[in-house]
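J.: In the order they appear, the protein sequences are chains A and B. Residues are numbered in this note's numbering as their position in the first sequence, beginning at 1, plus a constant of 20. Residues are numbered in this note's numbering as their position in the second sequence, beginning at 1, plus a constant of 131. Using N, Cα and C, we set each Cβ at its ideal position, and we do this for glycine too. Once you've had a glance at the structure underneath, I'll fire off some questions.
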Amino acid sequence: MVVQALKDQGVDTVFGYPGGAVLPIYDEIFQQNDIRHILVRHEQGAVHAAEGYARSTGKVGVALVTSGPGATNAVTGLTDALLDSIPIIVLSGQVPTFMIGSDAFQEADTVGITRPCTKHNWLAKDTATLSETIHQAFHVARSGRPGPVLVDIPKDVQFASATYTAPQATNTSNYQPQIRGDIEMINELVEALETAERPVFYTGGGVINSGPKASELLRELVEATGIPITSTLMGLGAYPASGKHWLGMLGMHGLYEANMAMHGCDLMINVGARFDDRITGLIDAFSPKSKKAHIDIDPSSINKVIKTDIPIVGDVASVLDDILKVWKARGRNLNRDGITKWQKQIDEWRKVDCLHFKQEGKVIKPQYALQRLEALTKDKDRYITTEVGQHQMWAAQFLGFEDPNRWMTSGGLGTMGYGFPASIGVQMAHPESLVINVAGEASWLMNMQEMGTAVQFRLPVKQFILNNERLGMVRQWQELLHGERYSHSWSEALPDFVKLAEAFGAKGIYCDNPDDLDDAILEMINHDGPVIFDCLVEKHENCFPMIPSGKPHNEMLLGEASTQGAIEAGGAVLV
Amino acid sequence: MAALKIKKGSTKHSAYNLRPNFSDVQETHTLAVVVDNEPGVLARVIGLFSGRGYNIESLTVAEIDHTGHQSRITVVTKGTPQVIEQIKTQLGRIVPVHQVNDLTVEGPSVERELGLFKVSGAGDKRVEALRLADIFRANVVDSTLESFVFEITGAPEKIDAFADLMRPLGLIEVARTGVAALSRGSA
Chain A
21 MVVQALKDQG VDTVFGYPGG AVLPIYDEIF QQNDIRHILV RHEQGAVHAA
71 EGYARSTGKV GVALVTSGPG ATNAVTGLTD ALLDSIPIIV LSGQVPTFMI
121 GSDAFQEADT VGITRPCTKH NWLAKDTATL SETIHQAFHV ARSGRPGPVL
171 VDIPKDVQFA SATYTAPQAT NTSNYQPQIR GDIEMINELV EALETAERPV
221 FYTGGGVINS GPKASELLRE LVEATGIPIT STLMGLGAYP ASGKHWLGML
271 GMHGLYEANM AMHGCDLMIN VGARFDDRIT GLIDAFSPKS KKAHIDIDPS
321 SINKVIKTDI PIVGDVASVL DDILKVWKAR GRNLNRDGIT KWQKQIDEWR
371 KVDCLHFKQE GKVIKPQYAL QRLEALTKDK DRYITTEVGQ HQMWAAQFLG
421 FEDPNRWMTS GGLGTMGYGF PASIGVQMAH PESLVINVAG EASWLMNMQE
471 MGTAVQFRLP VKQFILNNER LGMVRQWQEL LHGERYSHSW SEALPDFVKL
521 AEAFGAKGIY CDNPDDLDDA ILEMINHDGP VIFDCLVEKH ENCFPMIPSG
571 KPHNEMLLGE ASTQGAIEAG GAVLV
Chain B
132 MAALKIKKGS TKHSAYNLRP NFSDVQETHT LAVVVDNEPG VLARVIGLFS
182 GRGYNIESLT VAEIDHTGHQ SRITVVTKGT PQVIEQIKTQ LGRIVPVHQV
232 NDLTVEGPSV ERELGLFKVS GAGDKRVEAL RLADIFRANV VDSTLESFVF
282 EITGAPEKID AFADLMRPLG LIEVARTGVA ALSRGSA
């Protein structure tokens, strides 16, 4: 029944790990060929792989885990998916209904534990309603603001048989989020757009989640108006990095021109972003002179952090479509003189060249490694995942994304260990594509057991590890905030990554010389199989630009010289 | 770089100071939340309050429609206008929540609570307790030679006032239901 429900929902891949309480479902999986099951090495890996699959395809990712430890290991992945609004469904086994509450072997209150880290969850107590519950779970996961859901299925419910309910016959009327934006608000936004002197688009993951149509409409609107556009970490690729009006990423490690434009604008149009604290910096000084419009499908995002003048609740694609229609119908008016002047100002900011670095000597700068990776892979059918830390920020700064769904990174939760299993999920969905996980050595080690999965299923994922033998971002904060007392932020006893790769039956590449880098990267790309690329980089490189905690956008640090005493006590308590 | 100097317990450098100060005025609001009567729904609602640091001053919950499997949760909460708005939209996100009504802003409403008060005493105090109960239209639902149990219904303020009066007269135990509320009029 479970497998039939998954098939009817269009599922072709399940990431999972068997155990006592899910054996009946595994028995069904054994007896069919429509759904591929990918055996991970840890349940956290299964959930992140499902996330990677979901983000690169726009479909719902599926993970299957057993009761007790299987379910608790899934918690990090569920929380990650909740904060980044990724549609996934986790099916967990549970002890039989008559043993629930008896502290049975491998029993955990899975529904209780996962209640705050799912969009919704169910304990399926009755086989008769199980298929309907699974269909409802898919509906909830993918509609509105997407998110993770969990269905906990006791073993006796798995064994029993009942009549199957098809997806079409399932009642989903209870949960129907608003799609169309309020037309009065849309009119108000278009009016503001027509007169604004210094408008800016601030886009986020909502554009990606809304589907490819939303990105198309966004591009049309930006090209037609010439309004500069920046994006959060989550929204990269919605507007192409090669686009004329692209400012680059904004936020704590965003580009100078993007943050200055946010600070100086007179109209901010937030499309599917949520004013996260990595974006806003000091809230009291956030974009002080602007009128703010906010398009979001989740009403609770509006006015949560920043007061919004023009709130529009609805799906990004639908709202952008309406905005375009209204704007065209009213005669495509713009304050063209104002915008031209604004574009010139932005060009001045661009000249600061905030990502500038110097590659000199015999040590590879991490920025240089990513610059070369970009140069050698940008024309390929490429998907990028990352772990969390400095390498993640550098990847966002130095890699360019031309299309949505090509960039998978843990934004909201900041989960170290996300990227490797996510790359496995992406590669499963796109077997012919080049999938690269840009990693730091410390993050990568958190889920390195998935190397077994990659080798077993012949997934040619490329693990591009920027190895500085440090927890780079922690080290950077300790340098700036804690008097250079580097408490436990270096990695000793690191494995020999080349030998590690070989131990798993994969290929390992080591590179510590800038002159060899291109050849080594090409060797990685051209190898048909999983690769661990150990790129030894400068150990003390800091990630700039940086908005220190508790500072507004226009007080960015651009390099080492500007860091002295930059963060005050008030900022130091922030994370 | 200057060392961190934050006094213990000080909120001066707290991240919470960075909240936008839309308005600092604390308001009390009564919210009526209609939910599917399914296992765990109450945990979802109160988990939202505890998880996001909101206040619950009073909470009542009971099934209101047996065939439709619906329950009504009445929450009295306190916060700045922005927090109250957040609470309402966050409640609205919960999948089994059908409707969230803010009775405090959506026109006039009636609020009622039931309280049970056990008062023990003898002589004048016992007589005075009975007299006051009569004034408040409280019923005696249990009586011994040394004690009464009074039942009183009314707005929370009335019950507070009754409690204040009973305290010097030998109040030994109180049970209150929390607020149930409905909007006035036909709508």
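Considering Trp142(A), what are the terminal residues of the beta strand (DSSP E) in which it resides?
T.: For the purposes of this step, residue 142(A) is taken as residue 122 along the first sequence, with counting starting at 1. Residues 140-143.
J.: Is the Cβ-Cβ distance between Asp176(A) and Pro116(A) less than 7 Å?
T.: Translated into the one-based positions of the first sequence, residue 176(A) becomes position 156. Translated into the one-based positions of the first sequence, residue 116(A) becomes position 96. In this structure, Pro116(A) lies closer than 7 Å to Asp176(A) by Cβ.
J.: I'd like the ranges of any alpha helix (DSSP H) spanning at least 4 consecutive residues and lying wholly in the segment 307-355 of chain A.
T.: 336-349
J.: Mind checking if Thr220(B) is an interface residue toward chain A, Cβ cutoff 7 Å exclusive?
T.: Residue mapping note: residue 220(B) aligns to position 89 of the second sequence, counting from 1. It does; some Cβ of chain A falls within 7 Å.
J.: Just to confirm my understanding: we take His159(A), look at its own chain, exclude 5 residues before and 5 after, and list those with CB closer than 8 Å. What are they?
T.: What you label residue 159(A) is simply residue 139 of the first sequence in a count that begins at 1. Excluding residues within five positions, the ones whose Cβ falls inside 8 Å are Thr190, Thr192, Tyr195.
J.: Scan the segment 309-321 of chain A for residues whose Cβ lies nearer than 9 Å to a Cβ of chain B and list them as they occur along the chain.
T.: Asp318, Pro319, Ser320, Ser321
J.: Could you please tell me which residues of the segment 214-241 of chain B, in chain order, have their CB closer than 7 Å to any CB of chain A?
T.: Going along the segment 214-241 of chain B in chain order, one finds Glu216, Gln217, Thr220, Gln221, Gly223, Arg224, Val226 with a Cβ nearer than 7 Å to chain A.
J.: Closer than 8 Å by C-beta to Thr153(A): which residues in its own chain qualify, once you throw out the five before and the five after it? Chain order, please.
T.: In the first sequence, counting from the first residue as 1, residue 153(A) sits at position 133. If we look at Thr153(A) and ignore the five residues flanking it on each side, its Cβ neighbours are Trp142, Ala144, Val171.
J.: Given this structure, state the Cα-to-Cα distance separating Ala523(A) from Ser262(A), to the nearest angstrom.
T.: Sequence index remark: in the first sequence, residue 523(A) carries index 503 (1-based). Sequence index remark: in the first sequence, residue 262(A) carries index 242 (1-based). If I take the Cα positions, the gap works out to 41 Å.
J.: Give the list of continuous alpha helix (DSSP H) stretches no shorter than 4 residues that lie fully inside the segment 446-497 of chain A.
T.: You should have 461-466, 471-476.
J.: Could you give the uninterrupted runs of the beta strand (DSSP E) lying entirely in the segment 192-242 of chain A, keeping only those of 3 residues or more?
T.: 219-223
J.: With 16 other CB atoms within 10 Å as the buried threshold, where does Gln412(A) fall?
T.: As a first step, residue 412(A) is located in the first sequence; it is residue number 392 there, counting from the start. Buried is the call here.
J.: How far does the alpha helix (DSSP H) with Ile204(B) in it reach, from first residue to last?
T.: For the purposes of this step, residue 204(B) is taken as residue 73 along the second sequence, with counting starting at 1. Counting along the chain, Ile204(B) falls outside any alpha helix (DSSP H), though it belongs to the beta strand (DSSP E) covering 201-210.
J.: In chain order, what residues of the same chain have a beta carbon less than 7 Å from the beta carbon of Asn152(B), not counting five sequence neighbours either side?
T.: Working through the second sequence from its first residue, we reach residue 152(B) at position 21. Below a pLDDT of 50, predicted positions are generally treated as unreliable, and Asn152(B), at 48, falls in that range; no measurement from the model is reported.
J.: What is the DSSP secondary structure of Ala597(A), counted as helix, strand or coil?
T.: Chain A is shown from 21 up to 595; residue 597(A) falls before or after that span and cannot be answered.
J.: For Asp329(A) and Glu208(A), I'd like the C-alpha separation in whole angstroms.
T.: For this step, residue 329(A) is matched to residue 309 along the first sequence. For this step, residue 208(A) is matched to residue 188 along the first sequence. Looking at the two C-alpha atoms, the distance is approximately 10 Å.
J.: Would Gly199(B) pass as an interface residue toward chain A - the criterion being a Cβ-Cβ separation below 7 Å?
T.: For this step, residue 199(B) is matched to residue 68 along the second sequence. No, Gly199(B) lies away from the interface with chain A (no Cβ there is under 7 Å from its Cβ).
J.: Take Ile206(A) as the anchor and find which of Ile249(A), Ala182(A), Thr130(A), Ile289(A) has the nearest alpha-carbon.
T.: Looking up residue 206(A) in the first sequence gives position 186. For Ile206(A), the nearest C-alpha among the options comes from Ile289(A).
J.: Could you give the uninterrupted runs of the alpha helix (DSSP H) lying entirely in the segment 214-281 of chain B, keeping only those of 4 residues or more?
T.: If we require 4 residues or more, the alpha helix (DSSP H) runs fully inside the segment 214-281 of chain B come out as 255-266.
J.: Does the count of Cβ pairs from the segment 359-373 of chain A and the segment 392-404 of chain A closer than 8 Å reach three?
T.: Counting Cβ pairs under 8 Å, fewer than three are found: no touch.
J.: For the alpha helix (DSSP H) containing His155(A), list its first residue and its last residue.
T.: Working through the first sequence from its first residue, we reach residue 155(A) at position 135. Note, His155(A): alpha helix (DSSP H), 147-162.
J.: Give me the Cα-Cα distance between Thr185(A) and Ala157(A), rounded to the nearest whole angstrom.
T.: Mapped onto the first sequence, residue 185(A) falls at position 165. Mapped onto the first sequence, residue 157(A) falls at position 137. Taking the straight line joining both Cα atoms gives about 14 Å.
J.: Could you tell me the boundaries of the beta strand (DSSP E) in which Leu267(A) lies?
T.: Counting from 1 along the first sequence, the entry for residue 267(A) is found at position 247. Segment 266-269, the beta strand (DSSP E) holding Leu267(A).
J.: So the alpha helix (DSSP H) Thr300(A) belongs to, where does it begin and stop?
T.: Mapped onto the first sequence, residue 300(A) falls at position 280. 297-300 is the extent of the alpha helix (DSSP H) around Thr300(A).
J.: Exposed or buried, which one is Gly238(B) when buried takes at least 16 other CB atoms within 10 Å?
T.: Against the second sequence, residue 238(B) aligns to sequence position 107. Classification of Gly238(B): exposed, given that the 10 Å Cβ count is below 16.
J.: For Arg218(A), is the classification buried or exposed, using 16 other Cβ atoms within 10 angstroms of its Cβ as the cut-off for buried?
T.: What you label residue 218(A) is simply residue 198 of the first sequence in a count that begins at 1. That one is buried.
J.: Take the Cβ of Ile108(A) as the centre, count every other Cβ of all protein chains shown within 10 Å, and call the residue buried at 16 or more, exposed below.
T.: The sequence position of residue 108(A) within the first sequence is 88, counting from 1. Flag for Ile108(A) reads buried.
J.: Since Val160(A) meets chain B, which of its residues come closer than 7 Å, beta carbon to beta carbon?
T.: Walking along the first sequence from the start, residue 160(A) turns up at place 140. Ordered by position in chain B, the residues that pass the 7 Å Cβ test against Val160(A) are Val226.
J.: Would you kindly check if the distance between the Cβ of Ser105(A) and the Cβ of Gly167(A) is under 7 Å?
T.: Position 147 of the first sequence, counted from the start, is the residue given in the question as residue 167(A). Position 85 of the first sequence, counted from the start, is the residue given in the question as residue 105(A). A contact, by the Cβ cut-off of 7 Å.
J.: Mind listing the chain B neighbours of Asn323(A)? Cutoff is C-beta to C-beta under 7 Å, in chain order.
T.: As a position in the first sequence, residue 323(A) is number 303, starting the count at 1. Result: Gln213, Glu216.
J.: Taking the C-alpha atoms as reference points, what is the distance between Ala513(A) and Arg490(A)?
T.: The count along the first sequence starts at 1 and reaches residue 513(A) at position 493. The count along the first sequence starts at 1 and reaches residue 490(A) at position 470. Rounded to whole angstroms, Ala513(A) to Arg490(A) spans 12 Å at the Cα level.
J.: Would you say Gly252(B) lies against chain C (beta-carbon separation less than 7 Å)?
T.: Reference to chain C is not applicable here, since the protein chains of this structure are A and B.
J.: Based on Cα-Cα distance, which residue from Asp423(A), Val383(A), Ile384(A) lies nearest to Arg402(A)?
T.: Translated into the one-based positions of the first sequence, residue 402(A) becomes position 382. The residue with the shortest Cα to Cα distance from Arg402(A) is Asp423(A).
J.: What are the residues of the segment 175-198 of chain A that lie near chain B, defined by any Cβ-Cβ distance shorter than 8 Å?
T.: Result list: Asn194, Tyr195.
J.: Report the neighbours of Arg203(B) on chain A: residues whose CB is nearer than 8 Å to its CB, in chain order.
T.: Position 72 of the second sequence, counting from 1, holds the residue named residue 203(B). Residues of chain A passing the Cβ test: none, with the nearest at roughly 16 Å.
J.: I'd like the list of long-range same chain contacts for Ala94(A), defined as Cβ closer than 6 Å, with 5 residues on each side in sequence excluded.
T.: Here residue 94(A) refers to the residue found at position 74 of the first sequence. Within the same chain, Cβ atoms closer than 6 Å to the Cβ of Ala94(A) are found at Glu63, Val67, Val85, Val110, the five residues on either side in sequence being excluded.
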